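Worksheet for the structure shown next.
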Amino acid sequence: MKCNNCGHEISESTVFCAGCGMKVADANPVQEAAPESTPQPAQETSTQQAYTTPQYNQQTYTAPQYTAPQYNPYQNYNAAPVIPDEYKPISMWGYFGYQLLFAIPCIGLILLIVFSVGGTKNINLRNFARSYWCAFIIGLILAIIVAIIIVITGVSIRQYY
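With our numbering applied, the sequence shown covers 1 to 161.
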């Protein structure tokens with residue numbers, strides 16, 4: 001059996017044509033192209049010419065060809081993004097080492113202030129130094145408050161006895 005729309009060979013049980021996608025029952029019949037008539041040698045006995053209808057070139061429909069998209073099989077999906085030096089994260093041991101460095105009494109305090117105000121290009125180290133500096137200031141304020149409370153309590157107890 002042939003498709004009525006495109007003429008593609010199909011089986012009896014198919015509902016849609018594999019060539020054009022048209023539903024087999026709904027397709028308009030294809031008009032068979034009339035075989036080109038070969039000119040007959042003119043008969044000498046007849047002086048009357050036969051009138052032939054002009055034949056127009058009928059464009060044929062071809063279904064679009066679908067192909068799978070091309071992909072690059074060599075693309076590296078596991079490549080780590082390139083991070084500039086000022087944004088590189090500090091490792092766990094780096095944080096531990098900087099914490100030990102900042103705990104040194106005089107040198108640590110000087111380096112803490114230098115790193116806090118921008119003595120390094122690494123933003124993570126600068127932020128860590130700033131947070132350590134804030135914790136140091138808060139601890140210092142709390143220590144001063146506790147010392148004042150102890151002094152006041154000691155003075156008041158001494159006056160009581």
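Here a beta-carbon is modelled for each residue, glycine too, at the ideal position from N, C-alpha and C.
Quick caveat: nothing in here was measured; it's all calculated off a predicted structure.
Taking 8 angstroms as the cut-off, the Cβ atoms of Leu-101 and Gly-94 do not count as close. The secondary-structure analysis by DSSP pairs Lys-23 across a beta bridge with Phe-16.
Within the DSSP bridge table, the entry for Glu-86 names no partner. The continuous alpha helix (DSSP H) containing Ile-148 extends over residues 123 to 160.
Below 8 angstroms, enough C-beta pairs join the region 83 to 93 and the region 118 to 134 to call them touching: three or more.
Inter-segment contact for the region 142 to 150 and the region 103 to 118 is absent: fewer than three beta-carbon pairs are separated by less than 8 angstroms.
Taken atom to atom, the span from the alpha-carbon of Gln-59 to that of Ile-10 is near 22 angstroms. Around the beta carbon of Phe-96, fewer than 16 other beta carbons sit within 10 angstroms, so the residue counts as exposed.
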